[in-house]
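Some notes on the structure that comes next.
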Amino acid sequence: MRLGVSREIAPGEKRVALVPDVIPQLLKIGHSVLVETGAGIRAGFTDDAYGSAGATIVASSDAVYRDTEMILKVLRPDADRELSAIAPGSVLIGLLQPSGDPDFFVRTAERGITAMSMELVPRTTRAQMMDALSSQSTVAGYKAVLLAANALQKFFPMLMTAAGTVRPARVLVIGAGVAGLQAIATARRIGAVVEAFDTRPVVKEQVLSLGATFLDLGVDLREAEDTGGYAKELAEEHIRKEKELIHARAMMSDVIITTALVPGRRAPLLVTAETVASMKPGSVIVDLAGEQGGNCELTEPGQTVEKHGVTIISPLHIASELAYHSSQMYAKNVAALIALLTKDGNLNLDMNDDIISAVTVTANGEIRNPAIQSRLAGAQS
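The sequence shown runs 1143 to 1523 under our numbering.
Below, the structure written as structure tokens:
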């Protein structure tokens, strides 16, 4: 198949869907690759590097969309500027925001485009190499700690100085998924005292292994985790207890990093305005759930604001801040999915395969994803 990579046009997005290192393996399994000039430059990958790897450099995104059969993106294409240029019958792969505006997928289906969302890769051993959410969350958790350390007017580690002992910063990490665990590991590496909270007791051992303290709410695993290993919404009583625990620990924290997400839903509000007001002046919150509304009541997605003397940072597309390595990781995820999707250089859309079925949002002019179907039906009723 002819694979196409265009330059990302979303504001601030520096990642690229394929890097030169993965192109030889795609050529080896029968594909050709077209790359828009300058597509990788913001992530540190030059046109010459792509050319040397075997890709063909084309002058514009229109050429990519017109002359390829499979479009590889990082973020969802702009519905007006990009989606309309993609040739009908093409395959589109990217982080397509299945929990976002469902009308995008209506238009995708109408154009006969087969849309595959990298967020929907199942969390199974077999799908591990394709798990873009995990790879990008690793970057996000690491970068979140650096943002917090930069904003905090204190040292992270304990220091013994001639002027006396400097106590280490106290960090509270909410959510111990991939991003949260990486945040814990990074904060511990630079010397902070770390506490972590997650509704899923199964992650306690991982938290402890990283040298952090686990805050246990006493929730049964079956109430806290779905069959895919993701957190799920809790009953109202549990949410109340959760907020009380977070409030109590927040008052003693210098930094809070929030990573709590429930797939397909608004991020749970766990840090209330009252909690922010109770925190020490100069404290920092980094809310990684901003793209789904935020875990903090006072978060302004995409902005850095100060409320009650607390700095609240809510970066969007935070993995883009480490575009070189996040692009490398994402490209490997995409290449693994392409290897599964194709055979002898041709598309093999086997809906009996659990991974292919899970990631395919639209195919044959129809929306296949049940959650999006349900939201569209609700909007029409």
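Just so it is clear, CB atoms sit at the ideal spot from N, CA and C, and this is done for glycine as well.
Next on the checklist: Could you tell me which whole beta strand (DSSP E) segments of length 3 or greater appear in the segment 1407-1453?
Outcome noted: Runs found: 1426-1429, 1446-1449.
Checklist entry - Is K1485 buried or exposed, if buried means 16 or more other CB atoms sit within 10 Å of its CB? => result Burial call: exposed.
Checklist entry - Hey, quick one: how far does the beta strand (DSSP E) through V1356 stretch, first residue to last? => result The sequence given here has Phe at residue 1356, not Val. According to the DSSP assignment, F1356 belongs to the beta strand (DSSP E) that extends over 1355-1357.
Checklist entry - For F1246, which residues from the same chain have a beta carbon less than 7 angstroms from its beta carbon, with the 5 sequence-adjacent residues on both sides left out? => result Same-chain partners within the cutoff: R1218, A1221.
Next on the checklist: Taking its Cβ as the centre, do 16 or more other Cβ atoms sit within 10 Å of K1422, making it buried, or is it exposed?
Outcome noted: Exposed, since its Cβ has fewer than 16 Cβ neighbours within 10 Å.
Checklist entry - Expressed to the nearest angstrom, what Euclidean distance is found between the alpha-carbon atoms of P1310 and A1329? => result If you take the alpha carbons of P1310 and A1329, they lie about 11 angstroms apart.
Item to check | Cross-strand partners of V1320 (DSSP beta bridge) | outcome: Among the bridge pairs identified by DSSP, V1320 is matched with none.
Checklist entry - Cβ of I1228 within 8 angstroms of Cβ of Y1207? => result Contact check for I1228 against Y1207 passes: the beta carbons are separated by less than 8 angstroms.
Next on the checklist: I'd like the span of the alpha helix (DSSP H) that includes M1471, first residue to last.
Outcome noted: That run of the alpha helix (DSSP H) goes 1465-1483.
Next on the checklist: Across the segment 1252-1262 and the segment 1178-1188, are there enough close Cβ pairs to call them in contact, namely three or more that are closer than 8 angstroms?
Outcome noted: Cβ pair count under 8 angstroms is below three, so no.
Checklist entry - Per DSSP, what kind of secondary structure is T1280 in: helix, strand or coil? => result Here T1280 carries a helix assignment [DSSP, helix/strand/coil].
Checklist entry - With respect to the alpha helix (DSSP H) encompassing L1518, which residues constitute its N-terminal and C-terminal limits? => result For L1518, the enclosing alpha helix (DSSP H) covers residues 1512-1522.
Checklist entry - Are the beta-carbon atoms of A1465 and V1161 separated by less than 8 angstroms? => result Annotated as distal: A1465 and V1161, with beta-carbon spacing of 8 angstroms or more.
Item to check | Coil, strand or helix - R1144 by DSSP | outcome: Note: R1144 maps to strand in three-state DSSP.
Checklist entry - So, is L1168 buried or exposed, given that buried needs 16 or more other C-beta atoms within 10 angstroms? => result Looking at its Cβ environment, which holds 16 or more other Cβ atoms inside 10 Å, L1168 is buried.
Checklist entry - What residues in its chain sit with their C-beta under 7 angstroms from that of S1277, if we drop five residues either side in the sequence? => result If we look at S1277 and ignore the five residues flanking it on each side, its Cβ neighbours are M1471, Y1472, N1475.
Next on the checklist: Assuming S1174 is part of the beta strand (DSSP E), what are its boundary residues?
Outcome noted: It spans 1174-1178 - the beta strand (DSSP E) in which S1174 sits, taken as one unbroken run.
Item to check | Coarse secondary structure for T1401, derived from DSSP in three states | outcome: DSSP places T1401 in coil when its eight states are reduced to three.
Checklist entry - How big is the Cα-Cα spacing for D1495 and V1418? => result One C-alpha to the other measures close to 46 angstroms.
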